[in-house]
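Q: Take a look at the following structure, please.
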Amino acid sequence: MFRSHLIRQVVRASGQAPRAAPRATQPATVSRPFSSAACRLNKQPPRDDVDAATTSGEPGESGDHEGQYARTQDNIRVEYPEEDDLPRSQPLQGRGGFHFKRTLASFSLEGRVGVVTGGARGLGLVMAQALVTSGADVAIVDMNRDEAQRSAQGLIDTYKAENPGSDTVPKVTAHFCDVSSPTSVNQSFAEILKEHGKVDNLVTSAGFTENYDAISYPHDRMQKLWGVNVDGTYLYAVAVAKHLMERNSAGSIVMIGSMSGAIVNVPQPQAPYNAAKAAVRHLASSLAVEWAHAGIRVNCISPGYMLTALTKKILDDNPELQKQWTSLIPVGKMGRPEDLMGAVTFLCSDASTYVNGADLRVDGAYTCT
Ligand SMILES: NC(=O)c1ccc[n+]([C@@H]2O[C@H](COP(=O)([O-])OP(=O)(O)OC[C@H]3O[C@@H](n4cnc5c(N)ncnc54)[C@H](O)[C@@H]3O)[C@@H](O)[C@H]2O)c1
Numbered sequence: 001m002f003r004s005h006l007i008r009q010v011v012r013a014s015g016q017a018p019r020a021a022p023r024a025t026q027p028a029t030v031s032r033p034f035s036s037a038a039c040r041l042n043k044q045p046p047r048d049d050v051d052a053a054t055t056s057g058e059p060g061e062s063g064d065h066e067g068q069y070a071r072t073q074d075n076i077r078v079e080y081p082e083e084d085d086l087p088r089s090q091p092l093q094g095r096g097g098f099h100f101k102r103t104l105a106s107f108s109l110e111g112r113v114g115v116v117t118g119g120a121r122g123l124g125l126v127m128a129q130a131l132v133t134s135g136a137d138v139a140i141v142d143m144n145r146d147e148a149q150r151s152a153q154g155l156i157d158t159y160k161a162e163n164p165g166s167d168t169v170p171k172v173t174a175h176f177c178d179v180s181s182p183t184s185v186n187q188s189f190a191e192i193l194k195e196h197g198k199v200d201n202l203v204t205s206a207g208f209t210e211n212y213d214a215i216s217y218p219h220d221r222m223q224k225l226w227g228v229n230v231d232g233t234y235l236y237a238v239a240v241a242k243h244l245m246e247r248n249s250a251g252s253i254v255m256i257g258s259m260s261g262a263i264v265n266v267p268q269p270q271a272p273y274n275a276a277k278a279a280v281r282h283l284a285s286s287l288a289v290e291w292a293h294a295g296i297r298v299n300c301i302s303p304g305y306m307l308t309a310l311t312k313k314i315l316d317d318n319p320e321l322q323k324q325w326t327s328l329i330p331v332g333k334m335g336r337p338e339d340l341m342g343a344v345t346f347l348c349s350d351a352s353t354y355v356n357g358a359d360l361r362v363d364g365a366y367t368c369t
C-alpha cells in the first residue's frame with residue numbers, strides 16, 4: 001500500500017494525468033498472496049492502478065499510455081515496394097563545401113577510395129556523400145543501375161556547385177550488383193578495381209525491411225531478406241578484405257545494421273529482419289577479431305528510425321505508426337539520413353584507429369530504454 005501510495009504521489013507531483021480512473025481502495029486487511037502464480041490463478045481483482053499494472057491485472061488494465069503493451073500486431077503488413085514504386089533520394093545541398101573551421105586532420109578521407117553498397121538511395125547515398133565531402137573517391141554499388149548512375153552524377157554535380165574554386169573533382173562511379181550473389185559481387189568489385197585502382201573503405205548499406213507476422217512470412221521472401229541483408233554484407237566484406245590483404249594495406253569496413261538487431265520494434269512484426277540485423281552486428285564483431293592482424297577494422301552502425309524517402313512513404317500510408325514510433329524515442333523525433341554522416345566518416349577514418357568491432361548506435365537513445 002505504501003509503495004503504490006508513494007508512486008501515485010510522485011505521479012501527481014510530476015503533473016502527469018492519472019492513467020485510468022482510480023479504483024476503490026481495498027481495506028488494509030486484504031493480504032496479498034505470497035506467490036504470484038497463485039494470484040494469476042485466483043484472478044483477484046486488482047486493488048488500484050499500480051496493482052492493475054502487475055500480474056494481478058489484465059494487460060492494459062492500468063490505462064492507455066505510450067508504448068501501450070510493447071507488442072507486435074499481426075495485422076500490420078508492409079511489403080518492400082516494387083522498384084518502380086520506390087521514391088527517389090537526392091544528394092543533400094549545403095553540406096559539402098570547403099570550410100575553414102578547425103578540426104582533426106585524422107577525420108579526413110583524402111586519397112581514399114570507398115565503396116558504398118546500396119548507395120543509390122536513402123542512407124547509403126547520404127553516407128556516400130559524407131565520404132566524398134571528406135575527401136574520398138567513391139564507388140556506388142546498387143541493384144538499381146539507373147538510380148545508381150543518377151546518384152553518382154548527382155554527387156559530382158553537388159560537389160562542383162558547392163566547391164566552385166576546387167581544381168579537383170572527386171571520382172564517383174556507379175556499378176550494378178546484386179549483393180546477395182557471389183558472382184555479381186565479384187564482377188562488380190573487379191569493375192571497381194579497374195576504375196579506381198584500389199579500395200580502402202567499405203560501407204554496406206544495401207538492405208531492406210518488410211513487415212509480416214512470422215506465421216505468414218513467405219519463405220522465399222524471408223530468404224531474399226537474409227540473402228541481401230546478411231549474405232550481401234558478408235560477401236562484400238570478404239571481397240574488400242581479400243583485396244586489402246593482397247595489397248598488404250589497412251582499411252576500414254562499416255556495416256549498416258539497425259537498432260532492430262538489439263531490440264524488438266513495435267508494433268510492426270519483423271522477426272526475420274531483426275534477426276538479420278543481429279547477425280550483421282555480430283558479423284562485424286567476428287570479422288573485426290578475425291581480420292585485426294591485417295589492420296582491417298570492422299565496425300557496425302545501428303541506426304534507429306531514420307526518415308528516408310522510403311520510410312516517409314511508409315509513414316504517409318500509416319500515420320498512426322509515426323506517432324507510435326516517435327512516442328518511444330527518448331529524443332522525441334526520428335533521425336535524418338545526414339545524422340549518419342559524422343558516424344560513418346569517423347569509423348572510416350584514422351580518427352577511429354582503435355575502434356574495432358564496435359556497434360555505434362545512432363538511434364536517439366531508443367535502445368537505452
Ligand atoms: N531507414 C531506416 O530507418 C533504417 C533504420 C535502420 C537501419 N536501416 C538500414 O539501412 C540500410 C539502408 O536503408 P535505407 O532506408 O536507406 O533503404 P533504401 O531502400 O532507401 O535503400 C537501400 C538501397 O539498397 C539497394 N538494394 C536493395 N537490395 C539490393 C541488392 N540485392 N543488391 C544491391 N543493392 C540493393 C536498393 O536499390 C536501395 O538503393 C538498410 O540496410 C536498412 O536495413 C535503415
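Residue numbering for the sequence shown is 1 to 369, as defined by the UniProt record's numbering.
Glycine included, each C-beta is placed from N, C-alpha and C at the ideal position.
#1: Along the chain, which unbroken stretches of the beta strand (DSSP E) at least 3 residues long are found entirely within the stretch 115 to 186?
#2: Return no unless some Cβ of chain B is closer than 8 Å to the Cβ of L125.
#3: In chain order, what residues of the same chain lie with their CB nearer than 6 Å to the CB of E79, ignoring the 5 residues before and after it?
#4: Apply the 10 Å Cβ neighbour rule to E147 and answer buried if 16 or more other Cβ atoms are within range, or exposed otherwise.
#5: What number of angstroms, rounded off, separates the C-alpha of E104 from the C-alpha of G114?
#6: Using the Cα positions of A120 and E61, report the straight-line distance between them to the nearest angstrom.
#7: For A136, which residues in the same chain have their Cβ closer than 6 Å to its Cβ, ignoring the five residues on either side in sequence?
#8: Taking 7 Å as the limit between beta carbons, can you name the residues of its chain near A214, skipping five residues before and five after?
#9: Can you tell me whether DSSP reads G94 as helix, strand or coil?
#10: Looking only at its own chain, which residues have a Cβ that is under 6 Å from the Cβ of A343, when we skip the five neighbours before and after it?
#11: When you measure from the CB of Y234 to every non-hydrogen atom of ligand 1, does any distance come out below 7 Å?
#12: Note the first and the last residue of the continuous beta strand (DSSP E) segment covering I256.
#13: I'd like the span of the alpha helix (DSSP H) that includes P319, first residue to last.
#14: Do you know offhand how far G94's Cα is from Y273's?
#15: Assuming contact is defined by CB atoms lying nearer than 8 Å, are H196 and A139 in contact in what I supplied?
#16: Please classify P303 as buried or exposed, where buried requires at least 16 other C-beta atoms within 10 Å of its C-beta.
#17: Which stretch, first to last residue, makes up the beta strand (DSSP E) that contains T345?
#18: So, using beta-carbon positions, are I256 and G207 closer together than 8 Å?
#19: Report the CB separation of G261 from K242 in whole angstroms; it is logged as a contact under 8 Å.
#20: Of all the options Q324, V132, K333, which has the alpha carbon lying nearest to the alpha carbon of T72?
#21: Tell me the rounded alpha-carbon separation between S35 and V50.
#22: Please name the residue in R221, R247, P218 whose C-alpha comes closest to that of V199.
#23: If you draw a straight line from the alpha carbon of P59 to that of N356, how long is it in whole angstroms?
#24: In the DSSP assignment, what are the bridge partners of V240?
#25: Could you tell me whether the Cβ atoms of P91 and T168 are closer together than 8 Å?
#26: May I ask you to check if the CB of Y305 is nearer than 7 Å to at least one heavy atom of ligand 1?
#27: Between V185 and L244, how many whole angstroms is the CB-CB distance? I'm expecting something under 8 Å.
#28: Which residues share a DSSP beta bridge with G335?
#29: Determine which residues share a DSSP beta bridge with C368 and list them.
#30: According to DSSP, is T353 part of a helix, a strand, or is it coil?
A: From the atom records:
#1: 137 to 142, 172 to 176
#2: Of the protein chains in this structure there is only one, and it is not chain B.
#3: For the purposes of this step, residue 79 is identified with residue 79 of the sequence shown, where counting begins at 1. Excluding sequence neighbours, E79 sits near E210.
#4: Here residue 147 refers to the residue found at position 147 when the sequence shown is read from its first residue. Result: buried.
#5: Locating residue 104 in the sequence shown gives position 104, where the first residue counts as 1. Locating residue 114 in the sequence shown gives position 114, where the first residue counts as 1. Inspection of the sequence shows that residue 104 is occupied by Leu rather than by Glu. Cα-Cα distance, rounded: 20 Å.
#6: Position 120 of the sequence shown, counted from the first residue, corresponds to residue 120. Position 61 of the sequence shown, counted from the first residue, corresponds to residue 61. Roughly 47 Å between the two C-alpha positions.
#7: The sequence position of residue 136 within the sequence shown is 136, counting from 1. Counting only Cβ-Cβ distances below 6 Å, and skipping sequence neighbours, we find L109, R112, G114.
#8: Residue 214 sits at position 214 when you count from the first residue of the sequence shown. Cβ neighbours of A214 beyond the five flanking positions: P269, A271.
#9: Within the sequence shown, the letter at position 94 stands for residue 94. G94: coil per DSSP, three-state reduction.
#10: In the sequence shown, residue 343 corresponds to position 343, counting from 1. Excluding sequence neighbours, A343 sits near I301, L360, V362.
#11: Start at 1 with the first residue of the sequence shown, and residue 234 comes out as number 234. Checking every heavy atom of ligand 1 against the Cβ of Y234, none is found closer than 7 Å.
#12: Here residue 256 refers to the residue found at position 256 when the sequence shown is read from its first residue. Where I256 is concerned, the enclosing beta strand (DSSP E) stretches over 251 to 256.
#13: By one-based count along the sequence shown, residue 319 stands at place 319. Its alpha helix (DSSP H) spans residues 319 to 327.
#14: As a first step, residue 94 must be located in the sequence shown, where it is residue number 94. As a first step, residue 273 must be located in the sequence shown, where it is residue number 273. So the alpha carbons of these two residues sit roughly 34 Å apart.
#15: Translated into the one-based positions of the sequence shown, residue 196 becomes position 196. Translated into the one-based positions of the sequence shown, residue 139 becomes position 139. Contact: yes.
#16: If you number the sequence shown from 1, residue 303 lands on position 303. It is buried - the Cβ of P303 has at least 16 other Cβ atoms within 10 Å.
#17: Here residue 345 corresponds to residue number 345 of the sequence shown, with the count starting at 1. From DSSP, T345 is part of no beta strand (DSSP E) but of the alpha helix (DSSP H) over 341 to 348.
#18: The residue labelled residue 256 in the question sits at position 256 within the sequence shown. The residue labelled residue 207 in the question sits at position 207 within the sequence shown. Yes, the pair counts as a contact, with Cβ atoms nearer than the cut-off.
#19: Taking the sequence shown and counting its residues from 1, the one referred to as residue 261 is at position 261. Taking the sequence shown and counting its residues from 1, the one referred to as residue 242 is at position 242. Not really, about 25 Å apart at Cβ, beyond 8 Å.
#20: Against the sequence shown, residue 72 aligns to sequence position 72. Residue Q324 is the option with its Cα nearest to T72.
#21: The count along the sequence shown starts at 1 and reaches residue 35 at position 35. The count along the sequence shown starts at 1 and reaches residue 50 at position 50. The pLDDT assigned to S35 is 41, lower than 50, so where the model puts this residue is not dependable; a value taken from the coordinates is nonetheless given after this. Roughly 18 Å between the two C-alpha positions.
#22: Taking the first residue of the sequence shown as position 1, residue 199 is located at position 199. It is R247.
#23: For this step, residue 59 is matched to residue 59 along the sequence shown. For this step, residue 356 is matched to residue 356 along the sequence shown. Distance from the CA of P59 to the CA of N356, rounded to the nearest whole angstrom, comes to 43 Å.
#24: Residue numbering aside, residue 240 sits at position 240 when the sequence shown is read from its first letter. Residue pairing for V240: DSSP places it in no beta bridge.
#25: Position 91 of the sequence shown, counting from 1, holds the residue named residue 91. Position 168 of the sequence shown, counting from 1, holds the residue named residue 168. No, these two residues do not count as a Cβ contact at 8 Å.
#26: By 1-based counting over the sequence shown, the position of residue 305 is 305. Yes, the beta carbon of Y305 sits closer than 7 Å to at least one heavy atom of ligand 1.
#27: Taking the sequence shown and counting its residues from 1, the one referred to as residue 185 is at position 185. Taking the sequence shown and counting its residues from 1, the one referred to as residue 244 is at position 244. 15 Å between Cβ atoms; not a contact.
#28: Counting from one through the sequence shown, the residue named residue 335 turns up at place 335. Answer is M306.
#29: Position 368 of the sequence shown holds residue 368. According to DSSP, which records beta bridges pairwise, C368 is partnered with nothing at all.
#30: As a position in the sequence shown, residue 353 is number 353, starting the count at 1. Residue state, collapsed to three classes: coil.
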